[in-house]
Amino acid sequence: MGRHETDIAEDEISRREAAERELEAVRGELAAQVAARHEIQVRLEQEIAQRDRIIAEGELAAAKLRESETGLRQLFDQNPDSMAILDLETGRYIDINDEYTRSTGFCREDVVGKRSREFFPFVNAEEGLRYAEELKRVGVLRNMEATFRRKDGSSYHGVISGVSFKLRGHLCLVSTNRDISVLKKTQDELVAAREAALEASRAKDRIIAEGELTAVNLRESEAALRQVFDQNLDSMSIIDLETGRYIDINEEYTRNTGFCRDDIVGKRSREFKSMAIPEENERLSAELKRAGLVRNMEATFRRKDGSTYHGLISAINLKLRGHLCCITITRDIGVLKETQRQLIAAREAALEASRAKSDFLSSMSHEIRTPMNAVLGMADMLWESDLTEEQRRYLDIMRRNGVTLLDLINEILDLAKVESGQLILEEVDFDIRDLIDSMIETMGLRAHEKHLELAGQVAPDVPHNLVGDPLRLRQVMVNLLSNAVKFTDHGEIVLRVEMARPDTGSGTTSIRFSVADTGVGIAHDKTDSIFDAFTQADSSTTRKYGGTGLGLTIVKRLVE
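Counting in my numbering, the sequence shown runs from 35 upward without gaps.
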């Protein structure tokens, strides 16, 4: 009995020990599995943290690139010069800026996508051809003056520059146009910068890939806008108004002034005075403070070597990367100023020569007219004496030629007075119908000698009483009627006076005078030249009809 119980107890202990060993083995396996799972979980958390860090860095880079692109785009859109981009491979316009639409009246739909031959901005085709040929020859053109059209049909003078370069893999042309009608408005809009937003997705690998693609596109867009900024043919600078320091300049600025980037970037604007005259700098600052914008202000600028140059400066205050900045664009107009100076000097020289000529003609006319009057007076006295038939015939020839010479002298004197500005038009009361009747009566004798009908017609609505210079009006009409009588051999001559447009209540009346005859007429290609001094429509008419060619010249100058 006792032995049997002992065996049962030992078997029980053995089973328990075996069970404990198995339990211990299971615990070991479970501990190993727990450790392995923990290790996997740690690696997974590390991988997730790494992916989150990559995503965060990508989003930060994309945000910075978007901010940079937005700033450059803002700089482009708010540029005070008109800008346009033409894809030279397709021949189509791909972008314009806001100033282009404001300056020309054309909206984006009117221009973008159009071929250059469909949308031609030049008023004169020759100027557009010269612009294209020069760009084709050297790839760059600076400050070409031309006339450009607006949508409403009007035109304006501008200075256009152009440069061709690769933009996103395409050969493009960027043209910059500044309106210089006030001193001779504005620049074409540049590339359409794309903004791409990152899409949220459950696949983190796709988020990272799309974020990297967006970053690449933004870098490309920023590089394109930076390229446009650096290759702009006008000097450009950016000043941070909050710190007062220069934060950027373009390559044209360094080329034009001789200052390098290290000389300027980081300097305060009050330390680096780009304008040579302090008063001009104060005027620019005051206008920017008042309106936030300055267009085409003429000023004198200094170079690094101490020399100066004349330029047109435009400036605008705008937000750039969260900072209030001032963008300045300066165009060197030294060549234009020199040309202007030469033109003014040439004009003054021409005016001085004209005044000298007029003074000479006036003096000579007076000097010749005095003895001529004496000669004619003595001839009149001799005409009243007893003369033979032959002597009277000789004296008649002398008197008629003397009167012709005196008329020529008077015409030259009148022309000299007009050209020298010494002729003053009077303002007196006169009756237009009395004046016309007097002229018809005077010229009627000459017309009757050639068996011509001479008539004067005054429209009923023409006022009787006028204020003006009846003497000079009579001189104009007599010259026209004399020409008509001279060059008409048969038929009639009619002087018509009629209203050109009704009186609007301003007290000024427009009246049209016209002379029509049945004479030899004037060739269409001679209608301009007959008003030139000492010129007639046909040189042979001088020999046939006589005359000096001064009558219509005096008529034109008096009317003008």
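Backbone N, C-alpha and C define an ideal beta-carbon position, used for all residues, glycine too.
Can you name, in chain order, every residue of its own chain whose Cβ lies under 6 Å from the Cβ of residue i, other than the five neighbours on each side?
i: residue 281; result: 272, 274
i: residue 219; result: Residue confidence for residue 219 is low, a pLDDT of 46 falling below 50, so the modelled location carries little weight; the figure read from the coordinates is stated next. Only 137, 213 meet the Cβ criterion.
i: residue 198; result: 173, 207
i: residue 368; result: 343, 344
i: residue 327; result: 350
i: residue 311; result: 334
i: residue 675; result: Given that the chain is displayed from residue 35 to residue 594, the structure contains no residue 675 and the question cannot be resolved.
Would you mind reading off the limits of the beta strand (DSSP E) that contains residue i?
i: residue 112; result: Neither: residue 112 is in no beta strand (DSSP E) and is coded neither H nor E.
i: residue 204; result: 204-213
i: residue 478; result: Note, residue 478: premise wrong, no beta strand (DSSP E); alpha helix (DSSP H) at 466-483.
i: residue 327; result: 327-336
i: residue 353; result: 342-354
i: residue 179; result: 174-183
i: residue 365; result: 357-366
i: residue 200; result: 189-201
i: residue 550; result: 544-551
i: residue 418; result: Where residue 418 is concerned, there is no enclosing beta strand (DSSP E), given that its DSSP letter is neither H nor E.
i: residue 273; result: 269-274
i: residue 489; result: 487-492
Can you give me the Cβ contacts of residue i inside the same chain, cut-off strictly under 8 Å, excluding the 5 residues immediately before and after it?
i: residue 317; result: 331
i: residue 307; result: 315, 336
i: residue 158; result: 180, 181
i: residue 144; result: 153, 185
i: residue 297; result: 306, 338
Could you give the C-beta distance for residue i and residue j, rounded to a whole number, given that I count them as a contact under 8 Å?
i: residue 288; j: residue 295; result: 7 Å
i: residue 361; j: residue 350; result: 5 Å
i: residue 459; j: residue 506; result: 6 Å
i: residue 181; j: residue 152; result: The Cβ separation is near 19 Å, so there is no contact.
i: residue 169; j: residue 196; result: 5 Å
i: residue 148; j: residue 126; result: 6 Å
i: residue 593; j: residue 513; result: In fact, because the Cβ distance is near 11 Å, the residues do not count as touching under 8 Å.
i: residue 364; j: residue 269; result: 4 Å
i: residue 549; j: residue 492; result: Their Cβ separation, rounded to whole angstroms, is 14 Å, which puts residue 549 and residue 492 out of contact at 8 Å.
Less than 8 Å between the CB of residue i and some heavy atom of the ligand FMN, yes or no?
i: residue 284; result: For the structure depicted, the ligand FMN is absent and the ligand set is empty, with no information on it obtainable.
Just mark residue i as buried or exposed, buried being the case when its beta carbon has 16 or more other beta carbons within 10 Å.
i: residue 293; result: buried
i: residue 53; result: exposed
i: residue 69; result: exposed
i: residue 428; result: exposed
i: residue 47; result: exposed
i: residue 237; result: Interpretation of residue 237 is limited by its pLDDT of 49, a score under 50 that renders its predicted location unreliable; no figure is taken from the coordinates.
i: residue 209; result: buried
i: residue 486; result: buried
i: residue 490; result: buried
i: residue 462; result: exposed
i: residue 411; result: exposed
i: residue 66; result: exposed
i: residue 510; result: buried
i: residue 303; result: buried
i: residue 57; result: exposed
i: residue 118; result: buried
i: residue 372; result: exposed
i: residue 192; result: buried
At what residues does the alpha helix (DSSP H) containing residue i begin and finish?
i: residue 517; result: 504-520
i: residue 290; result: 285-291
i: residue 524; result: Neither: residue 524 is in no alpha helix (DSSP H) and is coded neither H nor E.
i: residue 137; result: 132-138
i: residue 151; result: Counting along the chain, residue 151 falls outside any alpha helix (DSSP H), and DSSP gives it neither H nor E.
i: residue 144; result: 142-145
i: residue 297; result: 295-298
Excluding five sequence neighbours on each side, which residues of the same chain lie with their C-beta closer than 7 Å to the C-beta of residue i?
i: residue 121; result: 128, 204, 206
i: residue 465; result: 498, 499
i: residue 651; result: Coverage of the chain is limited to positions 35 through 594, which leaves residue 651 absent and any answer about it impossible.
i: residue 323; result: none
i: residue 409; result: 436
i: residue 481; result: 488, 519, 527
i: residue 413; result: 429, 432, 433, 436
i: residue 508; result: 469, 473
i: residue 366; result: 290, 343, 345
i: residue 301; result: 279, 280
i: residue 378; result: none
i: residue 320; result: none
### Task
Specify whether the stretch 137-147 and the stretch 350-361 touch according to this definition: at least 3 beta carbon pairs, one from each stretch, less than 8 Å apart.
Fewer than three Cβ pairs drawn from the stretch 137-147 and the stretch 350-361 lie within less than 8 Å of each other, which leaves the two stretches out of contact.
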